[in-house]
Every structure is written in structure tokens, then in C-alpha cells.
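Just so you know, the sequence shown maps onto residues 150 to 409 in the working numbering.
Accompanying notes for the structure given below.
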Amino acid sequence: MEANGLPSRTSILTAAARAFGSREPDVSVRNPDWLADRLIGPAELALITDHPIGNAPDRDFQEAMRDPDVFGFVWLMLVRTRFIDELMVRAVRGGATQLVILGAGFDTRVHRFAELLQDTTVIEIDYGATQEYKKCRVAAALGDAPANVVYAPIDFTRESLGEVLRRAGFQSGRKSCYICEGVSMYVPEAGMKETLRAIAAESAPGSTLLLEYLNRGGLELLTKYPTDDPECHRLGRAVRVRRARRAGPGVLPRSGSGVG
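Here it is as C-alpha cells:
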């Protein structure tokens, strides 16, 4: 959590990339998160001016996309957003009545899929400072949050996910869908393993986990643009190098689904 009450840097960066991608003139490759552009305004972009995506909205779209760092980040978010959207829709239509979004940041799915999720309990889990900031932005840009969303603050490195879920009203007997997007690469390995154990222990049969992780290309990008988040600093360069050595080549994330 940021000591100064600001949201995590990564939550702003990823939302800004989705927002800029939603301006793509070609609808076939446009990021579907059309609400991110409302949540990420000048005040938020001012927090990431050292990253090319922070200045992209002030430039011509095609000109900005000629910057490899902008292009790569926007396309990464396009693939990630579309893929997770599709699998989430499939899970809810398949009977999931609880949606748990880990490290939710500026996630807008509860708003973008309001009709689909109207009978689904949506629990957004993240660090308290990021959530408080997001709630203010949602109120200012989108109005009242849907009644079916629950904001549940957590410190992934110190608190039990099971306890946080129960505090938020989660019911282990209901089929659920978990989204773990942009989390695993920032949480220490022990904390991530504990999170996965809690998901397995709390999940009803047929539940789904959408988990993203980075390979070597993504880890190198994080090294190029290091985050200022204290929780990310705890991960340390040694952990990033160790994971990179284990990972294979490539630049795109992979996602898996299924909770045993």
C-alpha cells in the first residue's frame, strides 16, 4: 500500500494502457475496456509521466503507437483484457455466481458487464489505498458503484485470503470465478502459493481460476520500467532473475483456468 494514499503505480499503468488502447480507430483491435478512459484522467497520468504510456494520450494515436514501448504495452493489455473477458463470461454463463477479482486495481468489469453480473456477487480485492482512490474515481466518473460489488482490502503478504473472503461475505458453497490478473509477478512466491492454496480450499466444485503470469520478455519489461510500489520492491531483483531463468522465451502472458 502506498504510504501517501496514492494508488499503486501498476494499477495506473495498466489502466492507462487499456484506456489508450480503447481509442484505437480499428474496432477489430480496440481494447474493450472503454470505461478505463473515464477513470484515468490528467491527475492519474501525472503519476506515470516517466513511462511513455503516461504521455501517449496527448499525442496523435498513430504517432504514439509507433513508439515500441507504447505499442507493446497497448497490445499486451488488448490480449489480456479480451482473453480474460471471454473466459469470465463463459464461467458466469456456466453457473458461477461469485466473481473474485484479485489485485483489482482499476478493473471495470462490474460496470462493463453490469447486465451479465447483476445476479453475481463481485468481490474486488486489493491494497486499501488503491481501492480508496478507485472508489473516489468511480464516484466522480461513473456514478454510484453497482450494489453487487464488495471492496475488500488486503495485504497479500500478511493476510489470509480466506479470512478476507469470508469478511467480504464470500460463500464457499457457491461456484465462483477468480481473476488473478497482473498479481503473480509482484507477490513474493510464498504469498502467491498461500493465495492459490486458499482459492483451492474455499472453492466449490466447478469453480474457475484465471491466472496470468509473465515469461522472460515481460520480466525484462518490468526491469526496464521498475515500479515504485513497496509491495513490488519486496519481491526484489533476485526473485525476478530466478523466475526469468526458469521461464521460457516470448513476450506474451499466458493464462490458465480451472480449480481442482
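Ideal placement from N, C-alpha and C gives every residue a C-beta, glycine not left out.
CA nearest to the CA of V299, picked from G322, D275, E308: D275
Going by C-alpha to C-alpha distance, which of I189, P201, D175, Q247 sits closest to G322? Q247
DSSP has S325 in a bridge; who is on the other side? Q247
Taking three-plus beta-carbon pairs below 8 Å as touching, is the segment 255-267 in contact with the segment 212-224? no
Closer than 7 Å by C-beta to R167: which residues in its own chain qualify, once you throw out the five before and the five after it? Chain order, please. N180, D182, A185, M226, T230
Residues near F210 in its chain [Cβ-Cβ closer than 6 Å; skip 5 each side]: R172
Assuming Y327 contacts I348 (C-beta within less than 8 Å), just tell me the rounded distance between them. 6 Å
Does DSSP classify D207 as helix, strand or coil? helix
From P354 to F319, what distance separates their C-alpha atoms? 15 Å
Name, in chain order, the residues that DSSP records as bridge partners for T270. Q247
Flag this pair as yes or no: are the beta carbons of I272 and L314 separated by less than 8 Å? yes
Tell whether a beta-carbon distance below 8 Å holds between L155 and R286. no
In whole angstroms, what is the alpha-carbon distance linking A288 and S333? 29 Å
With H, G and I counted as helix, E and B as strand and the rest as coil, what does DSSP make of P337? coil
Are L162 and M237 close, meaning C-beta to C-beta below 8 Å? no
Assuming contact is defined by CB atoms lying nearer than 8 Å, are C329 and E308 in contact in what I supplied? no
Among A240, V228, T279, T159, which one has its Cα closest to the Cα of D199? T159
Just to confirm before moving on: does the CB-CB distance between T279 and N297 stay below 8 Å? no
Coarse secondary structure for L359, derived from DSSP in three states: strand
Could you tell me the distance, in whole angstroms, from the CA atom of A164 to the CA atom of K342? 26 Å
Between the CA atoms of D216 and H260 - distance to the nearest angstrom: 31 Å
Assuming V299 is part of the alpha helix (DSSP H), what are its boundary residues? Note, V299: premise wrong, no alpha helix (DSSP H); beta strand (DSSP E) at 298-302.
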